[in-house]
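Numbering (the working numbering), first residue to last: 663 to 1070.
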């Protein structure tokens, strides 16, 4: 089949890879000048199925209210009467129950662990390199309440047979030596020993090259204006310049911009942009830098080694497509990393980035054929796009190719 994939982030490129491997004639359309220039560009770098789970959790609405007036808060909701934001927040709140959290987390865990296996298989098959590491992730706690929540998380991990270790404060430096000189007082940690790390942007660029070598066509700098229908199905797309491209199937993998293409078709997807920030800096003192990755539970900041760099990412800001970079947020991110890994880098030389996570209000992504035949959706991966991109793409490729789901 002729398949058009709209979007060249991790989800779109992975979809194109698996569809090309299935023998389809695939064309990827991307409005930016190259692969992974938006949400997939500067994320935290963790491939962390152990952390996969919904943000809609019991107690989260109350926390969000307390954080609204803190500039450095890990979650900020900017007041607005925008209908899409209000609708999303209402659905988010309804999902903050224990039962819905458990159901949604189980679904996200399933796809996330499958996806890590797909990533490992792809890496073994192709030799793809992307500053990846396999040293796991250490979640660190700074209060008694955080440590107690970590114990509860460990019980869930036990029930799912996910490898992990609970750590006391004196055991953290053995798992992550860079924490030995941390200025933060810890109450303990949780080591997810099989989670991985890697630069999502480097991976996307490398996989796009491999897909092109396998026969996939990539067109950058082209903007899709609309998805066209004919004979009762999706039949192609029309570009902003008027060019029409026909197809037997169309895949929408445009992350938080999916609604622009789908709303005119009467397809309502509850995907909203949640802004996140990241910092990147070259390592100066190797022994003082993270060996793998640390998730600081107190600030919700993840700090990861990517080759010779430190990448730190955090903050969830519900403010639409606001591209502002508030100084308070940047300085809070810089300061937390410097206190966790003092002396590891010249933090004054760090560069900063922001991107928009495509979040669903319940947590799980939307990976399926839409109500328009032959129009497929692979959207709403939120903060787990890098973690579950390969698995989601393989699941969708199986559906498009008429095979049973590999998750069945």
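Even for Gly, the Cβ is constructed at its ideal location relative to N, Cα and C.
- Taking 4 residues as the shortest admissible run, the segment 941 to 1018 contains the following complete alpha helix (DSSP H) segments, listed from N- to C-terminal end: 989 to 1002.
- In the three-state reduction of the DSSP assignment, residue 1047 falls in the helix class.
- Under the criterion of beta carbons closer than 8 Å, residue 882 and residue 694 qualify as touching, at roughly 7 Å.
- Excluding sequence positions up to five before and after residue 710, its CB lies within less than 6 Å of the CB of 799, 857 and 1049, all in the same chain and listed in chain order.
- Straight-line spacing of the CA atoms in residue 669 and residue 870 works out to 12 Å.
- Contact between residue 952 and residue 971 fails: their C-beta atoms lie close to 11 Å from each other, not under 8 Å.
- Assignment of residue 905 by DSSP, reduced to helix, strand and coil, places it in the coil class.
- Within the model, the alpha-carbon separation for residue 688 versus residue 679 is close to 9 Å.
- For residue 793, the number of other beta carbons within 10 angstroms of its own is at least 16, and it is reported as buried.
- Comparing C-alpha distances from residue 855 to each of 737, 825 and 957 shows the shortest one belongs to 825.
- Contact between residue 843 and residue 950 holds: their C-beta atoms lie close to 6 Å from each other, under 8 Å.
- No Cβ-Cβ contact shorter than 7 Å links residue 665 with residue 915.
- Residue pairing from DSSP places residue 1020 in a beta bridge opposite 935.
- Beta-bridge analysis with DSSP links residue 881 to 691.
- The bridge partners DSSP lists for residue 896 are 891.
- Among the bridge pairs identified by DSSP, residue 911 is matched with 665.
- When C-alpha distances from residue 802 are compared across 745, 1054 and 851, the shortest belongs to 851.
- For residue 1030, there is no enclosing alpha helix (DSSP H); the enclosing beta strand (DSSP E) covers residues 1028 to 1031.
- Here the segment 986 to 1002 lies against the segment 937 to 947, with 3 or more beta-carbon pairs under 8 Å apart.
- As computed with DSSP, residue 854 is found in a beta bridge with 799.
- Beta bridge pairing from DSSP links residue 1025 with no other residue.
- Excluding sequence positions up to five before and after residue 806, its CB lies within less than 8 Å of the CB of 849, all in the same chain and listed in chain order.
- For residue 701, the closest alpha carbon among the candidates 672, 840, 1038 and 908 is that of 672.
- Judged by DSSP in its simplified three-state form, residue 930 adopts coil rather than helix or strand.
- In this chain, the beta strand (DSSP E) harbouring residue 1038 covers 1037 to 1041.
- Taking C-beta atoms as the reference points, residue 872 and residue 788 count as a pair closer than 7 Å.
- Every unbroken stretch of the beta strand (DSSP E) spanning 3 or more residues and falling wholly within the segment 689 to 745 is given here in chain order: 737 to 739.
- Each of 933, 682, 781 and 757 was checked against the Cα of residue 1041, and the nearest Cα belongs to 933.
- Per DSSP, residue 827 is one residue of the beta strand (DSSP E) stretching across 827 to 829.
- Excluding residues up to 5 positions away in sequence, 958, 961 and 963 lie with their Cβ nearer than 7 Å to the Cβ of residue 998 in the same chain.
- CA-CA distance, residue 690 to residue 877, rounds to 11 Å.
- Pairing residue 985 with residue 976, the inter-Cα distance amounts to about 15 Å.
- For residue 674, the enclosing alpha helix (DSSP H) starts and ends at 672 to 683.
- The shortest C-alpha to C-alpha distance from residue 898 to any of 956, 1035 and 675 is the one to 1035.
- When rounded, the separation of the alpha-carbon atoms in residue 770 and residue 779 is 14 Å.
- Residues 773, 776, 777 and 780 of the same chain have their beta carbon placed closer than 6 Å to that of residue 1053, with the five preceding and five following residues left out of the count.
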